[in-house]
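Student: Each step along the sequence shown adds one to the number in numbering that gives the first Met the number 0, with nothing skipped, and position 224 is 223.
Have a look at this one before I ask anything.
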Amino acid sequence: MLLLLGACGPAPDPGSETRSESGQGAVTGTDVSSGRAGFAGLGASSQGYAHASPDTPLHFPDDHGPHPDFRIEWWYLTANLENADGEPLGIQWTLFRQAQQPRASDASAAIADLGIRSNAGPWAADQLWMAHMALSLGEHHRVAERFARGTGVPLPDAEQQAGVMARPFRAWLDDWRLESLSTHSGGDALDRLRLMAQAEDEKGPFGYQLELEAEGPLVRHGIRGFSQKSADGQGSMYYSQPFYRVSGEVWLNGERVAVVGRAWLDREWSSQLLSAGQTGWDWFSLHLDSGARLMAFRLRGGGANHDDYLSGSWITPAGEVTPLTADAFTLVPQAFANAAGHRVPVRWRLTLPEQNLELEIAARHANRWMNTSVPYWEGAVSVTDAASGAPRGQGYLEMTGYTKPR
Numbered sequence: 000m001l002l003l004l005g006a007c008g009p010a011p012d013p014g015s016e017t018r019s020e021s022g023q024g025a026v027t028g029t030d031v032s033s034g035r036a037g038f039a040g041l042g043a044s045s046q047g048y049a050h051a052s053p054d055t056p057l058h059f060p061d062d063h064g065p066h067p068d069f070r071i072e073w074w075y076l077t078a079n080l081e082n083a084d085g086e087p088l089g090i091q092w093t094l095f096r097q098a099q100q101p102r103a104s105d106a107s108a109a110i111a112d113l114g115i116r117s118n119a120g121p122w123a124a125d126q127l128w129m130a131h132m133a134l135s136l137g138e139h140h141r142v143a144e145r146f147a148r149g150t151g152v153p154l155p156d157a158e159q160q161a162g163v164m165a166r167p168f169r170a171w172l173d174d175w176r177l178e179s180l181s182t183h184s185g186g187d188a189l190d191r192l193r194l195m196a197q198a199e200d201e202k203g204p205f206g207y208q209l210e211l212e213a214e215g216p217l218v219r220h221g222i223r224g225f226s227q228k229s230a231d232g233q234g235s236m237y238y239s240q241p242f243y244r245v246s247g248e249v250w251l252n253g254e255r256v257a258v259v260g261r262a263w264l265d266r267e268w269s270s271q272l273l274s275a276g277q278t279g280w281d282w283f284s285l286h287l288d289s290g291a292r293l294m295a296f297r298l299r300g301g302g303a304n305h306d307d308y309l310s311g312s313w314i315t316p317a318g319e320v321t322p323l324t325a326d327a328f329t330l331v332p333q334a335f336a337n338a339a340g341h342r343v344p345v346r347w348r349l350t351l352p353e354q355n356l357e358l359e360i361a362a363r364h365a366n367r368w369m370n371t372s373v374p375y376w377e378g379a380v381s382v383t384d385a386a387s388g389a390p391r392g393q394g395y396l397e398m399t400g401y402t403k404p405r
């Protein structure tokens, strides 16, 4: 998941919430496709911020928390669920952080933290926070968005509207929260989580309360956790927990329904994610029936010969990772559909010669447009064998930068 606040402009008042369903609602947004700053401003200059690098080691549990020296960051979770009748549902929950300006030095950062600790008021904040939630069932696609201001590192003795703490792990904006349930010292803080979020629109309340338990290890993408995003070298620190089993309940259309399924959590931070000419991306997280997992993305632009930039990770059932470069797989759209007036690819062909796989990946529904401040498409997909049509798995797809036809 590679989205953040680069094109949002000023944040709304703290505590405000916007909602939409199937591309209709209070938030219309503006499609941002290309320009010198890349999609959503994520290719803009990052002078003064820290930079992601293959030489940056990851440390847990500290890296589950915020990185305020970097410009952008997110905690992103998707889940493929089903009810007692086997009917598929999908959920997304994401918390984004964006620094308002670089922290010039450790000393100035400490002074800023002291200013906030002195309770200088809600505008004395160095970070913008944004959260998205979505719940999908059949033709229903319910979406909500919230904003807040806050600090990069929450203060333990202060109530804050939004933030993330590494010890114990907790990520929240208002009453939307993702928090650790792990109590034993030998495991990771993300091994067991609880996710809670709810909202209300003109069709009534919707939401979910889920518990997640990891059945495999954390996974580092790219080079020891550095995921390159263009031939120019831009990239992010990126790791995942793709092995969650999920149980809990969702509420939608006046009903509360028990659900089970699988989930995938992504952690990513950067200061300049893209190169200036990259216009958007297509990102896949797949749970295969073999027990393997696959992360793959296509960034439109930014390749060595002005073509697309491809990367990914093949993850065995035991959590062993093989980085996938552009010559290790192909990812080609096969069919398009209209989503809230946008023409988006909803069926794909993914070929992995080394794994002897040729897969068809199809959106379960075309109407999964997220009509949020930075609009995008996000929804569940089914995975089948390209030759036989036999089921091979399921997952999630995110697509950005698809503008309305002129």
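The beta carbon of each residue, even a glycine, is placed where N, CA and C say it ideally should be.
Helix, strand or coil for GLN333? Go by DSSP, reduced to three states.
Tutor: Looking at GLN333 - three-state DSSP - the assignment turns out to be strand.
Student: Going by DSSP, name the residue or residues bridged to SER229.
Tutor: Paired residues: none, contrary to the question.
Student: Going by the DSSP bridge assignment, what does GLN240 pair with across the sheet?
Tutor: Answer is LEU264.
Student: For the putative contact between ARG367 and TRP376, defined by C-beta atoms under 8 Å, what is the C-beta separation to the nearest angstrom?
Tutor: Between TRP376 and ARG367 the Cβ distance is about 6 Å, and since that is below 8 Å, they are a contact.
Student: Would you tell me roughly how many angstroms separate the C-alpha atoms of LEU251 and ASN370, rounded to the nearest one?
Tutor: If I take the Cα positions, the gap works out to 19 Å.
Student: Is it right to say VAL245 is buried, meaning 16 or more other beta carbons lie within 10 angstroms of its own, or is it exposed?
Tutor: Per the 10 Å Cβ criterion, buried.
Student: Less than 8 Å between the C-beta atoms of PHE242 and GLY394, yes or no?
Tutor: In this structure, GLY394 does not lie closer than 8 Å to PHE242 by Cβ.
Student: How many angstroms separate the CA atom of LEU272 from the CA atom of SER372?
Tutor: About 19 Å.
Student: Nearest-angstrom Cα distance between ARG391 and LEU287?
Tutor: So the alpha carbons of these two residues sit roughly 6 Å apart.
Student: For the beta strand (DSSP E) holding ASP200, just list the boundary residues, first then last.
Tutor: It spans 191-200 - the beta strand (DSSP E) in which ASP200 sits, taken as one unbroken run.
Student: Going by DSSP, what residues sit across from LEU287 in a beta bridge?
Tutor: In DSSP, LEU287 forms a bridge with GLY392.
Student: Is it buried or exposed, THR324, if we count other Cβ atoms within 10 angstroms and call 16 or more buried?
Tutor: Exposed, since its Cβ has fewer than 16 Cβ neighbours within 10 Å.
Student: Using the C-alpha atoms, what's the distance from LEU285 back to ARG292?
Tutor: Cα-Cα distance, rounded: 6 Å.
Student: Can you tell me which of MET236, ARG96, ALA133 and SER289 puts its alpha carbon nearest to the alpha carbon of GLY89?
Tutor: Among MET236, ARG96, ALA133 and SER289, the Cα nearest to that of GLY89 is on ALA133.
Student: In chain order, what residues of the same chain lie with their CB nearer than 6 Å to the CB of ALA213, ignoring the 5 residues before and after it?
Tutor: Contacts found: ASP190, GLN240, PHE242 and TYR243.
Student: Taking 6 Å as the limit between beta carbons, can you name the residues of its chain near HIS341, skipping five residues before and five after?
Tutor: TYR401 and LYS403, listed in sequence order.
Student: Quick one: give me the first and last residue of the beta strand (DSSP E) that SER310 is part of.
Tutor: 307-314 is the span of the beta strand (DSSP E), which, as asked, contains SER310.
Student: Under 8 Å by Cβ, that's how I've got GLU267 and TRP73 pegged, so tell me the actual separation to the nearest angstrom.
Tutor: Confirmed, about 6 Å.
Student: Using 8 Å for Cβ pairs, my map puts GLN126 next to PRO67. What's the rounded Cβ distance?
Tutor: So it is a contact: roughly 7 Å between Cβ atoms.
Student: Tell whether a beta-carbon distance below 8 Å holds between GLU81 and GLY260.
Tutor: Yes, Cβ-Cβ distance for GLU81 and GLY260 is below 8 Å.
Student: Here's a check: name, in chain order, each residue in its chain whose Cβ is nearer than 6 Å to the Cβ of TYR237, leaving out the five neighbours to either side.
Tutor: Here the set comprises HIS220, SER226 and GLU267.
Student: Report back the beta-carbon spacing between ALA196 and TRP92 to the nearest angstrom; my notes put them in contact at under 8 Å.
Tutor: 6 Å between Cβ atoms; contact.
Student: In terms of residue numbering, what span does the beta strand (DSSP E) encompassing TYR207 cover?
Tutor: From DSSP, the beta strand (DSSP E) with TYR207 extends over 203-213.
Student: In three-state DSSP terms, what is ASP281?
Tutor: Three-state DSSP puts ASP281 in a strand.
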